[in-house]
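In the numbering used here, the protein residues as written are 1 to 301.
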């Protein structure tokens, strides 16, 4: 259960809907990282529905809010989620996983590996974080749990590791390669250049790869999370997001705010970015494919 849902519960038990009720709801949405623009849009839509349909009961407006949120978020739901079995169109399909330190990249890779293995696909992991030995060890632990090989080097560069992983995948006919990368801020120019180099190395081996460039985003980062998404998207292009740490303590609204910001991004600036999945725990199976309708319901109901 998201924090926003807990906060809204008392508001939706009030039977009388008046201007103060709408103002309070807007305030709660903004505090839950939904964003000012999205919150204003939702409140305007609710007021309009209440007036047009003479709705005075908060429970009825809850259903309207879920519907409006679901429609608003539908642009972030991929028409064909690459986590679905039928969505794999290359062999190997190469996933480059990026993000800042502490977002849950390595854990998400472990979950992705488990997810694809459950579909009967073969997976190879590449420990491309050459800065932290702990990150390599963590990925090796996930590899052991999933019983898959992890390619790594004690020293060297991320491009060389990506190169070796793809060569190995090609020779062994592996279905999916998941490449971990060092945590970095988009403002760290040298590290972003390294990421671009890794992309170039991959593309030389497989021209249309990486097939998936995915940012792992901590769902508790609020407006800073939006800045991360836009910065990585502008720097390297992003196909999708995995939003993590959406457990009972998360406010949960950041995805709503992201939708508006991604819509502003020029269409010629790389691929369209979708939300692929949500991370809701530390276990292998705690990865949920993103559904706009399900997410809207979980936020509010």
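No residue lacks a Cβ here, since even glycine has one placed at the ideal position from N, Cα and C.
Residue 80 sits close to residue 86, with the two beta carbons spaced by under 9 Å.
Among the bridge pairs identified by DSSP, residue 126 is matched with 151 and 179. Residue range 189-205 is occupied by the alpha helix (DSSP H) that includes residue 202. DSSP, reduced to helix, strand and coil, places residue 278 within a strand of the structure shown. The C-beta separation of residue 58 from residue 11 comes to about 7 Å, placing the pair in contact by the 8 Å criterion. Within 10 angstroms of the beta-carbon of residue 33 lie 16 or more other beta-carbons, which makes it buried. In the three-state reduction of the DSSP assignment, residue 229 falls in the helix class.
Across the structure, residue 72 and residue 37 are spaced so that their CA atoms are roughly 12 Å apart. In this structure, residue 180 sits away from residue 103, with a CB-CB distance that is not shorter than 9 Å.
Here residue 14 has 21 and 58 as same chain residues with Cβ atoms under 7 Å from its own Cβ, once five neighbours each way along the sequence are excluded.
The residues 100 and 101, in chain order, have a CB closer than 6 Å to that of residue 183 in the same chain once the five nearest residues on each side in sequence are set aside.
No Cβ-Cβ contact shorter than 9 Å links residue 213 with residue 287.
Inclusion of residue 76 and residue 277 in the CB contact set at 9 Å is not warranted, their separation being larger than that value. When the Cα atoms are used, residue 242 and residue 176 turn out to be separated by approximately 17 Å. The continuous beta strand (DSSP E) containing residue 242 extends over residues 240-244. Taking one beta carbon from each stretch, the stretch 133-149 and the stretch 217-224 have fewer than 3 pairs nearer than 8 Å; the two do not touch. Ranked by Cα distance from residue 124, the first of 8, 272 and 178 is 178.
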